[in-house]
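Peer 1: In my numbering, the protein residues as written are 1 to 204.
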Amino acid sequence: MLALILAGGIGSRLALGEKPLVTIDGMPMIMYVIEAFESAGFDVVAVLSRKTPYTHNWCRAHGISHYTAEGMGYVEDIAECADAHGITGPFFTSVADIPCLERDIVQTLHEVYRHSQKDALSSWIPRGLAERFGSRVAYIEKINGLDACPAGINILRGDCMGTPQDETRVILDDFRLAYNINTREALDLVTRVIRARRNLGRNS
């Protein structure tokens, strides 16, 4: 099962070059997301655009499978990449700017999807959690009576692209998904969090 990592954005708000390559404690942001999916047993394809030539070169240099889409839009790029890879079954999609994503979250979402008997899955976090950790709240939907924001990870079926897919919606009250990097302040905060976790791991 493939995981398509959407990494075609330039990160204009950060003003630090191509967003996927912004480093956090010495490692490009996108690599944290790639490692989360690969450690959970999924193959990764980075979906790029013509706006991210350096990310293209980085993927090529590090042996990361990648595809350069037309850059027509988030959904359009997913559909284009899925079609180009001949995907007919389920596949993950994920944004590239959630560097605190880890294997257990990916595995949990996959297990929920497997037992849902639905075509698709979307993941969400409570609005209050997003706001508490300084994430930009661009879209809110009421799910089971709770205001929720997209977490940026979904599962879709390749043979149902272009048509509405019956989905299960999962709310994860997990602070790691609240660290969505859109500002310098968020980047500084996540850098401190990841550095502290790494130091804890070394000392344990």
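Backbone N, C-alpha and C fix where the C-beta goes; we use that ideal spot for every residue, glycine too.
Answer with buried or exposed for residue 90, where buried requires no fewer than 16 other C-beta atoms within 10 angstroms of its C-beta.
Peer 2: As a first step, residue 90 must be located in the sequence shown, where it is residue number 90. Buried.
Peer 1: If you run the structure through DSSP and keep just helix, strand and coil, what is residue 139?
Peer 2: Residue 139 sits at position 139 when you count from the first residue of the sequence shown. Residue 139 falls in the coil class under three-state DSSP.
Peer 1: If you measure between the beta carbons of residue 127 and residue 151, is that distance less than 8 angstroms?
Peer 2: Position 127 of the sequence shown, counted from the first residue, corresponds to residue 127. Position 151 of the sequence shown, counted from the first residue, corresponds to residue 151. Going by C-beta atoms, residue 127 is not nearer than 8 angstroms to residue 151.
Peer 1: So, for residue 166: in the same chain, excluding its five sequence neighbours on each side, which residues have a beta-carbon less than 8 angstroms away from its beta-carbon?
Peer 2: Your numbering for residue 166 matches position 166 in the sequence shown. The residues are 118, 119 and 120.
Peer 1: Could you check if residue 88 is buried or exposed, using at least 16 other CB atoms within 10 Å of its CB as the buried criterion?
Peer 2: By 1-based counting over the sequence shown, the position of residue 88 is 88. By the neighbour-count rule (16 or more Cβ atoms within 10 Å), residue 88 is not buried but exposed.
Peer 1: Would you list the residues sitting across from residue 81 in a DSSP beta bridge?
Peer 2: The count along the sequence shown starts at 1 and reaches residue 81 at position 81. None; residue 81 has no bridge partner.
Peer 1: Output the boundary residues of the beta strand (DSSP E) element that contains residue 160.
Peer 2: Position 160 of the sequence shown, counted from the first residue, corresponds to residue 160. No beta strand (DSSP E) holds residue 160; DSSP gives it neither H nor E.
Peer 1: What residue range does the alpha helix (DSSP H) around residue 113 cover?
Peer 2: Here residue 113 refers to the residue found at position 113 of the sequence shown. Unbroken alpha helix (DSSP H) run through residue 113: 103-116.
Peer 1: Can you check which of these residues, 44, 45 and 66, is closest to residue 53 by C-alpha distance?
Peer 2: Within the sequence shown, the letter at position 53 stands for residue 53. When only C-alpha atoms are compared, the closest one is 66.
Peer 1: Give the straight-line distance between the Cα atoms of residue 197 and residue 137, rounded to the nearest whole angstrom.
Peer 2: By 1-based counting over the sequence shown, the position of residue 197 is 197. By 1-based counting over the sequence shown, the position of residue 137 is 137. Residue 197 and residue 137: Cα-Cα distance of roughly 26 angstroms.
Peer 1: Within the same chain, show all residues whose beta-carbon is closer than 8 angstroms to that of residue 173, passing over the 5 residues directly before and after it, in chain order.
Peer 2: Along the sequence shown, one-based indexing puts residue 173 at 173. Correct list, in chain order: 125, 126 and 129.
Peer 1: Could you give the distance in angstroms between the alpha-carbon of residue 40 and the alpha-carbon of residue 145?
Peer 2: Taking the first residue of the sequence shown as position 1, residue 40 is located at position 40. Taking the first residue of the sequence shown as position 1, residue 145 is located at position 145. Spanning the two alpha carbons is a distance of roughly 31 angstroms.
Peer 1: Quick one, which of 25, 106 and 19 has its alpha-carbon nearest residue 44's?
Peer 2: Residue numbering aside, residue 44 sits at position 44 when the sequence shown is read from its first letter. Of the candidates 25, 106 and 19, the one whose C-alpha sits nearest the C-alpha of residue 44 is 106.
Peer 1: What residues match up with residue 6 in a beta bridge as DSSP calls it?
Peer 2: In the sequence shown, counting from the first residue as 1, residue 6 sits at position 6. Looking at the DSSP assignment, residue 6 forms a beta bridge with 47 and 95.
Peer 1: Do residue 100 and residue 22 come within 8 angstroms of each other at the CB atom, strictly closer than that value?
Peer 2: On the sequence shown, position 22 is the one that residue 22 refers to. On the sequence shown, position 100 is the one that residue 100 refers to. Not a contact, by the Cβ cut-off of 8 angstroms.
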